[in-house]
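Before any comments, here is the structure.
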Amino acid sequence: MVGKGEPVAVPPVPRDDNEEEDDTAGFVKLISAEGFEFVVDKKAAMVSNTLRNMLTSPGGFSETRHGEVRFPEITTHILEKICQYFYWSLHYSSGKETTEFPIEPEITLELMMAANYLDT
Amino acid sequence: MEFGIRRKPLSLVELCVRRVIDNLRYVGSVDGVEMELLKRILPHCTQEQLTRIESRTQMDLSSITDPLWKLFYQRQFGEEHTKDVTSR
């Protein structure tokens, strides 16, 4: 018996506003060549088409089932820059960001190769 | 205010390609860069820049640079002379 006729408070079922967003909830760990780990929102990681495919393909890649992806060919400072781009891109799309994404000339070539690989 | 208008940011590849083109005077080796990207970048080089890049790069870039060198030649020695040389 529950109380004396008072309404039972049903805890709201935690639910995403948008069911399609289910896929983009949570975090994913991106690991650089040197083993440095970047934990980013899945939504941010999916700015990269390569990562989007990995994270959404049915069955899934073994790496992504554990919520982590290793990049043995991407150095830490490049991967960091890429993670910054993911968030810049999201903020820019939503209109919150108006400044240009800064790219230091000395890392441009390496960043371009990694970005090309990640299709981002 | 723009409501509900989602702006599409340039891809990181695109931003980098533009950045490289802006800084061609500092570019040396382009080893490891995909040919598809180089096809977009190298036509922006001056003769001097192209010479430096080719001499510092191990990869064979001639499929991209041959037509560029021909253009430089044409510009310097004229259309007629170029035809003359290439027909030999």
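Respectively, the protein sequence lines represent chains L and R. Letter by letter, the first sequence follows residues 12 to 131 in the working numbering. Letter by letter, the second sequence follows residues 2 to 89 in the working numbering. C-beta atoms are modelled at their ideal positions from N, C-alpha and C, and glycine is treated no differently.
Check: Take Phe-97 (chain L) as the anchor and find which of L:Leu-62, L:Pro-116 and L:Glu-48 has the nearest alpha-carbon.; Outcome: L:Leu-62
Check: Run down chain L in chain order and give the residues with a C-beta less than 7 Å from the C-beta of Glu-35 (chain R).; Outcome: Asn-127
Check: Using the Cβ count rule (16 or more neighbours within 10 Å means buried), how would you classify Glu-117 (chain L)?; Outcome: exposed
Check: Between the region 32-46 of chain L and the region 79-87 of chain L, are three or more C-beta pairs nearer than 8 Å?; Outcome: yes
Check: Would you mind stating whether Thr-83 (chain R) and Gln-75 (chain R) have Cβ atoms separated by less than 8 Å?; Outcome: yes
Check: Against Thr-119 (chain L), what residues of chain R qualify as contacts under a CB-to-CB distance less than 8 Å, listed in chain order?; Outcome: Cys-17, Arg-20, Val-21 and Asn-24
Check: Strictly under 8 Å for the Cβ-Cβ distance: is Ser-43 (chain L) near chain R by that measure?; Outcome: no
Check: Between the C-alpha atoms of Phe-49 (chain L) and Ile-85 (chain L), what's the straight-line distance to the nearest angstrom?; Outcome: 12 Å
Check: Using the beta-carbon count (16 or more within 10 Å), is Tyr-103 (chain L) buried or exposed?; Outcome: buried
Check: Would you tell me roughly how many angstroms separate the C-alpha atoms of Tyr-128 (chain L) and Phe-73 (chain R), rounded to the nearest one?; Outcome: 33 Å
Check: Helix, strand or coil: which one does DSSP assign to Glu-48 (chain L)?; Outcome: strand
Check: Could you check what DSSP says for Leu-122 (chain L) in three-state terms: helix, strand or coil?; Outcome: helix
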